[in-house]
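Visitor: For the sequence shown, our numbering gives the first residue as 539, with consecutive numbering after it.
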Amino acid sequence: MKKILVIDDNEGILDVVSIILEGEGYEVHQLIEPEQVASLGSDGLPDLILLDIWMSGADGRVICRALKDQPHTQHVPIVLMSANKDIAEIAASAGADSYLAKPFEMEDLIAIVKRFSRP
């Protein structure tokens, strides 16, 4: 089962994304406190990270760059999520593999997760 890590400080988003992806057969892990991402060990890495850009006390762009700079996490695909109209440019400059504009449709979420979590 593919493991997806969702990092967002909005519990509503975490719940909705989890319900949708668990319904599709994914194992979903949530982080509401972005500073916990530093504790990701190489043995339990997710197959994909969905990362919000604007969180209280944290910048998803900085987290994305940090993960892409670490040898044990640089291969993990990261999809940045935001309601910012410039999300495509923001994601590219942060080194993300893709982006998901909020609000998003269920089909768009599923499609992007499937794209990056193939066996």
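Built from N, CA and C at the ideal position, the CB exists for glycine as well.
Our contact map puts Leu589 next to Ile542 with C-beta atoms below 8 Å; I'd like the distance itself, whole angstroms only.
Guide: No, Leu589 and Ile542 are not in contact; Cβ-Cβ is about 11 Å, not under 8 Å.
Visitor: Rounded to whole angstroms, what's the CA-CA distance from Gln608 to Gly561? Just pull it up for me.
Guide: Answer to the nearest angstrom: the Cα atoms are 32 Å apart.
Visitor: Starting from the C-beta of Leu638, find all residues in its chain whose C-beta is less than 6 Å away, skip the five residues before and the five after it, and write them out in chain order.
Guide: Around Leu638: Val617, Met619 and Ile650.
Visitor: Quick one: Cα of Gln568 to Cα of Asp546, how far?
Guide: Roughly 8 Å separates the two Cα atoms.
Visitor: To the nearest angstrom, how far is it from the Cα of Ser556 to the Cα of Gly595?
Guide: Each residue's Cα considered, the two are about 23 Å apart.
Visitor: Within the continuous beta strand (DSSP E) that includes Met619, where are the two ends?
Guide: Note, Met619: beta strand (DSSP E), Ile616 to Ser620.
Visitor: Quick one, which of Asn548, Ile551, Ala630 and Thr611 has its alpha-carbon nearest Val575's?
Guide: If we check each option's Cα against that of Val575, Thr611 comes out closest.
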